[in-house]
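Engineer: A single structure is presented below for examination.
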Amino acid sequence: MVTLRALALDDAPALTRIYSAASIRHTTGQALTLDQAHEKIRTALARAAETPRAQWSWGISLRRRTPVMGTLSYILRDDSWGHGYATHAAHQVVTVAFTTAGLNRLEAMHHPDNPASGRVLTKVGFTRVETSDRDTEAGTVPYELYAPETRPHGS
1 MVTLRALALD DAPALTRIYS AASIRHTTGQ ALTLDQAHEK IRTALARAAE TPRAQWSWGI
61 SLRRRTPVMG TLSYILRDDS WGHGYATHAA HQVVTVAFTT AGLNRLEAMH HPDNPASGRV
121 LTKVGFTRVE TSDRDTEAGT VPYELYAPET RPHGS
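Below, the structure written as structure tokens:
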């Protein structure tokens with residue numbers, strides 16, 4: 001169903017489609033131009049080469065925030081919502097976080113007006129742990145913060 005792979009510069013047009021319209025409504029980001037998409041991919045590729053590796057990006061991202069704690073984030077094109085893609089990809093990334101990346105804590109958050117993202121997190125074993133205020137252009141927004149209840153089996 002979903003196969004994770006590294007981003008490539010040829011993905012820039014697809015990235016501009018993802019970072020647009022309804023897909024960015026509940027993010028702190030803005031629509032990407034083609035040049036910005038190329039830069040975002042170059043940055044992700046450079047971060048993937050760091051030692052220790054600080055970021056894994058497949059359109060869904062795992063970022064190391066401390067040596068043992070990371071964050072999961074994802075954004076999908078609005079025409080792909082509701083098909084289980086985020087859930088399937090997030091499950092794979094959680095496994096990478098606790099095995100390949102060697103993390104022992106993982107967090108994710110979502111905008112309060114995007115409960116579907118919270119359902120994705122719940123399906124992959126996260127529970128809501130608190131609310132975290134984020135400053136946005138619209139003012140302070142109380143994002144929901146989640147963490148896995150336990151490490152997945154096999155990790």
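Numbering (the working numbering), first residue to last: 1 to 155.
Ideal Cβ positions, reconstructed from N, Cα and C, are used throughout, including at glycine.
Taking 8 angstroms as the cut-off, decide whether the C-beta atoms of Ile60 and Ala14 are in contact.
Structural biologist: In this structure, Ala14 does not lie closer than 8 angstroms to Ile60 by Cβ.
Engineer: On the three-state DSSP scale, how would you describe Ser117?
Structural biologist: Here Ser117 sits in helix by DSSP.
Engineer: When the Cβ atoms of the segment 42-54 are set against those of the segment 137-144, are three or more pairs found closer than 8 angstroms?
Structural biologist: Output reads no: the segment 137-144 does not touch the segment 42-54.
Engineer: Considering Cα atoms alone, identify which of Thr71, Asn114 and Ile41 is closest to Ala147.
Structural biologist: Here the closest residue by C-alpha is Thr71.
Engineer: Going along the chain, which unbroken runs of the alpha helix (DSSP H) with 4 or more residues stay wholly within the segment 56-142?
Structural biologist: Counting only runs of 4 or more, we get 85-98 and 115-123.
Engineer: By the three-class DSSP mapping on this structure, what secondary structure does Pro13 have?
Structural biologist: In the structure shown, Pro13 sits in a helix (DSSP, three-state: H, G or I).
Engineer: Output the distance between the C-alpha atoms of Ala162 and Val96, rounded to the nearest integer angstrom.
Structural biologist: Residue coverage of the chain in this structure runs from 1 to 155, which leaves residue 162 outside it and unanswerable.
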